[in-house]
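Reviewing the structure listed below.
There are 2 protein chains.
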Amino acid sequence: MVEDLSPRLKLWVEAGGRLVMSDYRVRLLELVGESGSLAQAAEQMGLSYRRAWGKVKEIEANLGLALVQSEVGGAGGGHTVLSEEGRALVTGYRRFQERMGRELDAAYEAELKGLLSTSEVDGGTT
Amino acid sequence: MVEDLSPRLKLWVEAGGRLVMSDYRVRLLELVGESGSLAQAAEQMGLSYRRAWGKVKEIEANLGLALVQSEVGGAGGGHTVLSEEGRALVTGYRRFQERMGRELDAAYEAELKGLLSTSEVDGGTT
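Quick mapping for you: the protein sequence lines, in order, are chains A and B.
Numbered per the working numbering, the first sequence spans residues 65 to 190.
Numbered per the working numbering, the second sequence spans residues 65 to 190.
The following block contains the structure:
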């Protein structure tokens, strides 16, 4: 009766009840890494430059890590790139997400799927 | 520098973009099962009776399952209990959550923990 059920998950990391890393935040960092520009990353996230900059600085402060490196000036304005720690964090978080995504499918299949779909196959045994 | 980081997750099940089961909803059903009373379950969730009843009926409609059974009347008013399918769903969802919780810890430990904690052990090798 019920079709296309699918399990979903949201992941994040807290420190003392405070959000310090999330799918959203890692996406911002990833876009900085891909574009080499905080302005472009901000635009793709629908954030003002100022807001995006504040987010990045907040992430760095919460984690005590320098995640981006900025270079000022030049013809097209400055550039912002990920530091080695920033790149490692984005890569590690993506692996964390992928692993959880695989387990989500497996756990749903094993523990819930059969209980939620009342699908008794009708005929079809030609 | 950053202490007590901990990974978190939220789980739910969708059908065609619509929420059909969640940690919150399964808690409501579980409380009905524990108390044998929708009124008590509603109170513990901070919901009005009417609201809680609507939620339960919505869950049943979305899943196409009869999850609760009501008995009207008697001295203390009616009772509401979980059906066999309702009990199976609560149990299955709890197993699903527990399995995901174990994987959360394991995946965090393996993929993220070392990148987030800049803990260089200072001395202490007495």
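Note that CB positions come from ideal geometry on N, CA and C, so glycine has one too.
- In this structure, the alpha-carbon of Gln108(A) lies about 29 angstroms from that of Leu69(B).
- The beta-bridge partner set that DSSP reports for Leu75(A) consists of Leu73(B).
- Distance from the CA atom of Ala171(B) to the CA atom of Leu153(B), rounded to whole angstroms, is 26 angstroms.
- Neighbours of Lys119(A) in chain B, taken as residues at a C-beta separation under 8 angstroms, are lacking, since the least C-beta distance is about 17 angstroms.
- By DSSP's assignment, Met164(A) forms no beta bridge with any residue.
- Counting only runs that start and end inside the segment 65–136 of chain B, the beta strand (DSSP E) elements of at least 3 residues fall at 69–79, 82–86, 132–135.
- For the 8 angstroms CB-CB criterion, Ser101(B) and Thr144(B) form a contact.
- The C-alpha of Arg151(B) lies about 21 angstroms from the C-alpha of Arg115(B).
- Counting the other Cβ atoms within 10 Å of the Cβ of Glu94(B) gives 16 or more, which makes it buried.
- Leu73(A) and Asp169(A) have their alpha carbons spaced roughly 10 angstroms apart.
- The Cβ atoms of Glu122(B) and Ala130(B) do not sit closer than 8 angstroms to each other.
- Distance between Leu127(A) and Tyr113(B), taken at the CA atoms: about 44 angstroms.
- As DSSP reads the structure, Thr144(A) sits in a beta bridge with Ser134(A).
- Here the alpha carbons of Glu175(B) and Glu167(A) stand approximately 15 angstroms from one another.
- With contacts defined by Cβ atoms closer than 8 angstroms, Leu179(A) and Gly165(B) do not form a contacting pair.
- DSSP, reduced to helix, strand and coil, places Leu176(A) outside both helices and strands of the structure shown, so it counts as coil.
- For Gly156(A), the residues of chain B that pass the 7 angstroms Cβ criterion are Glu175, Leu176, Leu179, in the order they occur in the chain.
- With respect to the 8 angstroms criterion, Val90(A) and Pro71(B) are not classified as neighbours on the basis of their beta carbons.
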